[in-house]
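Numbering (the working numbering), first residue to last: 6 to 200. Below is one structure, written out as structure tokens, with a few remarks after it.
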């Protein structure tokens with residue numbers, strides 16, 4: 006049996022729980038611990054200990070290679086960006102995590118730190134940037150581009166040839182019509198139709 010690589014999760018909220026479930030199903034990494042706010046140290050999240058705070062990241066980066074940002078992204082992407090850039094200074098590895106329950110075409114490009122969650126579908130010719138979230142049951146159709154630090158939320162649909170600019174959020178069950186270009190830093194409301 007192959008030994009799993011160890012990984013540190015950064016952020017201990019609700020999105021962390023969803024990420025833990027995907028990482029467990031992915032079955033490549035062993036979760037060592039979670040980093041969060043000082044008041045959460047000593048607690049657990051789905052049986053994993055919250056043992057460290059942001060100030061411990063330099064120490065952890067010397068001890069562990071793999072990190073994953075499990076802070077969610079709805080109101081603001083700033084914390085995800087800050088944590089990513091901080092950890093990049095320490096040359097850590099941000100794996101791409103893909104749920105075995107998702108469908109991802111082999112004809113895609115998915116960059117570091119991105120997670121593809123349960124029952125998402127990513128079709129041929131798609132490009133997804135760094136540290137993005139393709140959430141449960143989201144559909145990213147052929148030839149679409151999702152930028153860096155984006156969150157495509159649960160059940161959202163990006164039709165063919167859509168471009169999502171960096172740092173953008175697409176809400177649950179939103180539909181983006183084919184070939185639409187969404188600018189950087191956009192917030193697309195849940196259930197909306199954008200064309």
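Where a beta carbon is used, it is the ideal one built from N, C-alpha and C, also for glycine.
Taking the alpha helix (DSSP H) that residue 223 falls in, what are its first and last residues? Past the edges of the chain, shown from 6 to 200, lies residue 223, and the structure says nothing about it.
Leaving out five residues before and five after residue 125 in sequence, what residues of the same chain have Cβ atoms less than 6 Å from its Cβ? Taking the chain shown and counting its residues from 1, one reaches residue 125 at position 120. Same-chain partners within the cutoff: 107, 139, 143.
Taking a contact to mean a Cβ-Cβ separation below 7 Å, would you say residue 11 touches residue 37 in this structure? As a first step, residue 11 must be located in the chain shown, where it is residue number 6. As a first step, residue 37 must be located in the chain shown, where it is residue number 32. The criterion of a C-beta distance shorter than 7 Å is satisfied by residue 11 and residue 37.
Are there three or more Cβ pairs, one per stretch, closer than 8 Å when the segment 82-94 is compared with the segment 48-55? no
Beta-ladder partner(s) of residue 10, from DSSP: Along the chain shown, one-based indexing puts residue 10 at 5. Paired residues: 34.
For residue 155, count neighbouring Cβ atoms within 10 angstroms of its own Cβ and tell me buried if that reaches 16, exposed if not. Within the chain shown, residue 155 is the residue found at index 150, counting from 1. Buried, since its Cβ has 16 or more Cβ neighbours within 10 Å.
Assigned exposure category for residue 63 - 16 Cβ within 10 Å defines buried: As a working mapping, residue 63 is identified with position 58 in the chain shown. Its Cβ having fewer than 16 others within 10 Å, residue 63 is exposed.
Pick helix, strand or coil for residue 183, following the three-state DSSP scheme. Working through the chain shown from its first residue, we reach residue 183 at position 178. If DSSP states are grouped into helix, strand and coil, residue 183 belongs with coil.
Can you give me the C-alpha to C-alpha distance between residue 134 and residue 111, rounded to a whole angstrom? Within the chain shown, the letter at position 129 stands for residue 134. Within the chain shown, the letter at position 106 stands for residue 111. Distance between the alpha carbons of residue 134 and residue 111 is about 16 Å.
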